[in-house]
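A.B. asks: Our numbering puts the sequence shown at residues 8 to 287.
Glycine residues also receive a C-beta, built at the ideal position from the N, C-alpha and C atoms.
Small disclaimer: the values here were computed from a predicted structure and weren't measured.
Below you'll find the structure I mean.
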Amino acid sequence: MEITTLENIRIDYITEILNQSFSDYIVPFQLTSQQLEYKIFTENIRLDLSLGVFYSGKLVGFMLHALNHTGEKLVAYNAATGVIPDFRGQGLVGKMYNYLIPKLRDLDVDHMVLEVIVGNQRAIRAYEKMNYRVNRTLDCFKGCFESDKKSSFLSIKQVENFKWDDFISFWSIKPSWQNSITTLEKSKDKITILCAYLEDELAGYIIYNAQTKRIQQIAVPTIHRRKGIATQLINAMTQSTGSKELYALNIDNSSSESTGFFKSLSFENNVSQLEMIKNI
């Protein structure tokens with residue numbers, strides 16, 4: 008067995024092994040090479056900090072890691088970990104961590120973050136043995152929204168640039184890595200930003216990917232909640248995309264307002280994940 012970084016490994020080969028590793032996963036997960044390249048770019052995945060286990064020259068396991076500053080702390084994000092079925096149960100993930108941790112310490116990384124699906128007890132126990140602890144639960148929703156073409160009491164406008172100072176002031180919960188400011192800034196060519204105005208006052212926003220039908224962020228300031236603004240923003244999204252089908256991933260379960268909103272639209276909480284943290 009040999010462990011090495013992945014910066015010199017072809018993306019299509021990594022994709023092939025990723026798909027083999029997740030072929031029997033608790034939730035189906037498959038990517039194309041183009042989708043993996045986009046994930047690597049937008050999530051700031053560092054292939055020099057991403058590892059592969061090779062057996063007789065064949066890639067049999069891998070870990071993809073991203074690196075970003077969160078406030079003043081440098082944080083590593085485990086974007087994907089997989090081992091092909093024939094090589095499971097051999098402690099390969101632990102061996103990759105033993106290889107990686109000294110590299111992260113040399114970079115002054117404060118902690119690591121990952122997400123694991125609720126119900127995947129084998130993975131959860133394995134991460135707990137590596138001193139990961141649960142930080143929060145993230146709920147994922149999917150549903151169909153029937154758009155309403157009636158006139159709105161709001162003015163909803165598409166904007167080109169993020170208004171982060173305003174947007175952040177609306178937050179009650181912190182976005183997960185995939186919905187973070189850094190990721191969205193790097194996804195700008197693929198996403199749409201809609202802002203809702205009451206007269207001249209910004210009263211909410213939604214950021215979404217029209218291709219994947221995924222809501223990346225949606226927020227309304229406290230003083231304007233329960234007025235139907237978020238629903239009108241989703242209505243505008245569905246009219247723009249022409250699709251009733253919508254997804255919202257990794258919503259902090261501690262926010263009953265956020266999860267309750269999607270449930271009020273009859274969206275299904277189809278998957279939940281544990282966000283886990285490990286101090287370096």
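In chain order, which beta strand (DSSP E) runs of at least 3 residues are fully inside the region 67-95?
C.D. replies: 80-90
A.B. asks: Taking Cβ positions, are A86 and E135 nearer each other than 7 Å?
C.D. replies: no
A.B. asks: Output the distance between the C-alpha atoms of I91 and G59, rounded to the nearest integer angstrom.
C.D. replies: 12 Å
A.B. asks: Would you report the Cα separation of L81 and S154, rounded to the nearest angstrom?
C.D. replies: When rounded, the separation of the alpha-carbon atoms in L81 and S154 is 42 Å.
A.B. asks: First and last residue of the beta strand (DSSP E) that includes Y62?
C.D. replies: 52-62
A.B. asks: Would you mind reading off the limits of the beta strand (DSSP E) that contains Q224?
C.D. replies: 221-226
A.B. asks: By Cβ distance, which residues of its chain are closer than 6 Å to Q27, with the 5 residues on each side in sequence left out?
C.D. replies: Cβ within range, chain order: I91.
A.B. asks: Where does E44 sit, in a helix, a strand or coil, going by DSSP?
C.D. replies: helix
A.B. asks: Compute the Euclidean distance between the alpha carbons of L161 and D93, then round it to the nearest angstrom.
C.D. replies: In a straight line, the C-alpha of L161 is about 56 Å away from that of D93.
A.B. asks: Quick one: give me the first and last residue of the beta strand (DSSP E) that E252 is part of.
C.D. replies: 252-259
A.B. asks: If you measure between the beta carbons of N138 and E282, is that distance less than 7 Å?
C.D. replies: With contacts defined as CB atoms closer than 7 Å, N138 and E282 fail to qualify as a contacting pair.
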